[in-house]
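Have a look at the structure below, then the notes.
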Amino acid sequence: MYTESPQNTITLSEFEELALERLQLLRFIEQASLKGHKQFSEDWKLSIKDDLVKNGLRKYLTLWSGHNGQTEQHVQARRADHLSHYILRLAYCMTEISLDVTDFYKVPFGEVVPLVKNRRVFLLGGHAYVPMNDLVFCLQSKFRAILSEALN
230 MYTESPQNTI
240 TLSEFEELAL
250 ERLQLLRFIE
260 QASLKGHKQF
270 SEDWKLSIKD
280 DLVKNGLRKY
290 LTLWSGHNGQ
300 TEQHVQARRA
310 DHLSHYILRL
320 AYCMTEISLD
330 VTDFYKVPFG
340 EVVPLVKNRR
350 VFLLGGHAYV
360 PMNDLVFCLQ
370 SKFRAILSEA
380 LN
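Following my numbering, the numbering of the sequence shown begins with 230 at its first residue and continues without gaps.
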């Protein structure tokens with residue numbers, strides 16, 4: 230699934246439409262989980278199906294069963310699914326570029342062991358380089374240490 234990128238030519242309006250549809254679909258999946266439905270349970274599936282029907286995304290229901298139908302409707306739904314997957318992949322691949330503008334902070338490696346464990350930091354010479362968005366972890370652990378020391 231999604232092993233080859235599409236080679237199709239599409240219009241800009243179709244590109245936008247497919248991206249918005251895919252975002253809606255992903256939002257429905259997220260909302261079904263947030264409603265407390267266990268993932269892949271009947272209630273979870275029903276919630277997503279209802280949202281798809283209500284919002285005019287019925288074409289994605291043809292893919293729901295997992296059968297590889299050869300009708301024109303199946304082919305068009307599979308095409309939309311494949312294209313929209315790669316469109317969003319392209320839209321959200323900015324992480325590599327955003328590394329250039331992310332600030333990193335040098336902290337002693339021992340202060341961020343969980344981040345090291347999860348490979349969220351760069352290590353060099355006994356120091357960990359923590360990205361700005363993970364800096365709150367450093368502050369939180371430092372605050373806990375100070376608070377614990379003050380209470381003792």
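Note that the Cβ used here is the ideal one computed from N, Cα and C, for glycine as well.
| Query | Result |
| --- | --- |
| Could you check whether the region 273 to 289 touches the region 245 to 261, counting it as contact only if at least three pairs of C-beta atoms, one from each stretch, sit closer than 8 Å? | yes |
| Beta-carbon within less than 6 Å of SER234's beta-carbon, same chain only, minus the 5 sequence neighbours each way: which residues are those? | TYR315 |
| Rounded C-beta distance between HIS356 and LYS335? I'm assuming under 8 Å. | 5 Å |
| Using the rule of at least 16 other Cβ atoms within 10 Å of the residue's Cβ for burial, across every protein chain shown, is GLU301 buried or exposed? | exposed |
| Cα separation between CYS367 and PRO337? | 10 Å |
| Roughly how many whole angstroms lie between the Cα atoms of ALA306 and THR291? | 7 Å |
| If contacts are defined as beta-carbon pairs under 8 Å, then ALA248 and SER313 qualify, I think. What distance do you get, rounded to the angstrom? | 6 Å |
| Is LEU286 near GLN236, with beta carbons less than 8 Å apart? | no |
| Buried or exposed for LEU344, going by 16 or more other Cβ atoms inside 10 Å? | buried |
| Run the proximity test for LEU364: is its beta-carbon closer than 7 Å to any non-hydrogen atom belonging to the ligand SAH? | You won't find the ligand SAH in this model; it holds no ligand whatsoever. |
| Around the C-beta of ALA309, are 16 or more other C-beta atoms found within 10 angstroms, so that it is buried, or is it exposed? | buried |
| If distances are taken between C-alpha atoms only, which option among PRO360, ASP280 and ARG251 comes closest to LYS264? | ASP280 |
| With distances taken from CA atoms, which of LYS346, VAL359, ARG318 and LEU317 is nearest ASP332? | VAL359 |
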